[in-house]
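Engineer: Numbering (the numbering used here), first residue to last: 8 to 304. Note that beta-carbon positions come from the ideal geometry of N, C-alpha and C, so glycine has one too. Model, not experiment: these values are computed from the prediction. This is the structure, below, for whatever I ask next.
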Amino acid sequence: MFSRRSDIPLDRDALSRFLPWLIAFMVYMASLALAGVLVLHAAAGRWDKGMSTTMTVQIPPPAEAGGAAANQQKQVEKALSILRSTPGVVHAEAIEESRILALLEPWLGTLAGEGDLPLPRLIDVELVTGADIDVKALSLRLAAAAPGAAVDDHRLWLDRMIRLIRSVETLAVAVLALIVMTTAGTVVFTTRTGLAIHQEAIEVLHLIGAQDTYVARQFAGRALALGLRGGVIGLGLAVPTLLAIGSLAESLEGGLLPDFSLSMGNWAVLAALPLVVAMIAMFTARRTVLRNLSRML
């Protein structure tokens with residue numbers, strides 16, 4: 008397969024000169040789609056692990072001005088007592104006001120530090136993994152102790168987000184499959200054209216005793232070399248694109264986007280993409296030659 012000797016002048020084919028660039032474009036698109044799948048899969052795993060066992064309880068500021076802080080603190084203590092006595096709750100802790108102000112500062116600026124700004128109190132609740140808590144009943148109990156208390160069950164939001172991510176992953180995988188089929192179709196077209204151009208040379212080889220597998224090796228080796236060359240070019244173009252996207256995502260504040268950084272394992276998967284595409288091109292060319300030779304001769 009990797010023999011340097013070639014009895015068929017495949018290097019002179021005009022169409023084969025464009026094959027590396029077509030494969031480069033396919034690998035470039037496949038790299039972006041595969042990177043998207045890896046990033047989304049990792050983000051879904053982090054969110055599922057970090058938020059599936061948490062809830063947040065919000066205690067609104069009292070309507071009356073006098074003794075507002077004291078009344079709100081009493082409501083927080085009552086809510087903490089209810090939460091800590093609820094089966095399935097591992098830990099419940101009120102979030103310090105300084106942390107709340109730090110969370111609001113990107114949106115409110117210096118206004119978030121004003122002392123007279125009415126702020127809700129937040130309680131961070133950690134649940135047992137797989138705990139089945141009746142959120143509606145818990146909300147009623149909390150509302151009785153602290154009027155206006157609201158329970159934010161992250162699992163409801165998380166389930167919807169995970170479904171959305173899985174849908175996008177499925178779409179990206181479909182794009183990858185389409186790219187693979189397009190690459191294989193391009194190799195088939197190029198190989199058939201080469202067979203038609205070099206039909207006389209192939210017939211001479213058969214007359215002197217060459218087998219179909221020998222001719223197939225000639226085309227398969229050429230397809231492997233062109234596919235590997237195009238794959239390296241495509242990956243070389245995809246790497247700076249992915250780095251630029253990651254840098255742009257990191258520059259955005261507020262955590263609105265998932266982490267677009269790729270781990271070493273993800274980069275290793277992307278680095279193997281040119282070899283995978285080259286192998287697909289090789290096997291496609293070999294099978295195409297064997298099938299067409301059985302009909303031509």
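Do you know how far the Cα of residue 269 is from the Cα of residue 90?
Structural biologist: Near 39 Å, if we compare the C-alpha coordinates of residue 269 and residue 90.
Engineer: One question on the structure: do residue 95 and residue 166 come within less than 9 Å of each other, judged by their Cβ atoms?
Structural biologist: Contact: no.
Engineer: Can you give me the start and stop residues for the beta strand (DSSP E) that residue 207 sits inside?
Structural biologist: From DSSP, residue 207 is part of no beta strand (DSSP E) but of the alpha helix (DSSP H) over 206-214.
Engineer: Ordered along the chain, which non-local residues of its own chain (more than five positions away) have a Cβ less than 8 Å from that of residue 300?
Structural biologist: Excluding sequence neighbours, residue 300 sits near 202, 209, 219, 222 and 223.
Engineer: Could you tell me which residues DSSP pairs with residue 131 in its beta bridges?
Structural biologist: Partner(s): 63 and 100.
Engineer: Excluding sequence positions up to five away, which residues of its chain have a Cβ less than 6 Å from the Cβ of residue 179?
Structural biologist: If we look at residue 179 and ignore the five residues flanking it on each side, its Cβ neighbours are 40, 43 and 44.
Engineer: Please identify the residue among 192, 93, 174 and 126 whose C-alpha is closest to the C-alpha of residue 147.
Structural biologist: Cα-wise, what sits closest to residue 147 is 93.
Engineer: Could you tell me the alpha carbon to alpha carbon distance between residue 131 and residue 160, rounded to whole angstroms?
Structural biologist: Rounded to whole angstroms, residue 131 to residue 160 spans 11 Å at the Cα level.
Engineer: Could you please give me the residues that DSSP links to residue 157 through a beta bridge?
Structural biologist: Answer is 65.
Engineer: Is the distance from the Cβ of residue 86 to the Cβ of residue 156 below 9 Å?
Structural biologist: For residue 86 and residue 156, yes; Cβs fall inside 9 Å.
Engineer: Could you check how far apart the C-beta atoms of residue 190 and residue 292 are, in whole angstroms? I think they sit under 8 Å.
Structural biologist: Actually they do not touch by this definition, with Cβ atoms about 11 Å apart.
Engineer: Can you grab the Cα-Cα spacing for the pair residue 137 / residue 176, in whole Å?
Structural biologist: Rounded to whole angstroms, residue 137 to residue 176 spans 25 Å at the Cα level.
Engineer: So residue 23 packs on residue 163, CB below 8 Å; how close in whole Å?
Structural biologist: Not really, about 56 Å apart at Cβ, beyond 8 Å.
Engineer: Within the same chain, show all residues whose beta-carbon is closer than 6 Å to that of residue 236, passing over the 5 residues directly before and after it, in chain order.
Structural biologist: For residue 236, where only same-chain residues beyond five positions count, the Cβ hits under 6 Å are 27.
Engineer: The alpha helix (DSSP H) that contains residue 272, what's its start and end?
Structural biologist: Element bounds for residue 272: 271-278.
Engineer: Cα separation between residue 206 and residue 283?
Structural biologist: For residue 206 and residue 283, the distance between alpha carbons rounds to 29 Å.
Engineer: What's the call for residue 271, buried or exposed, on a 16-neighbour Cβ count within 10 Å?
Structural biologist: Exposed, since its Cβ has fewer than 16 Cβ neighbours within 10 Å.
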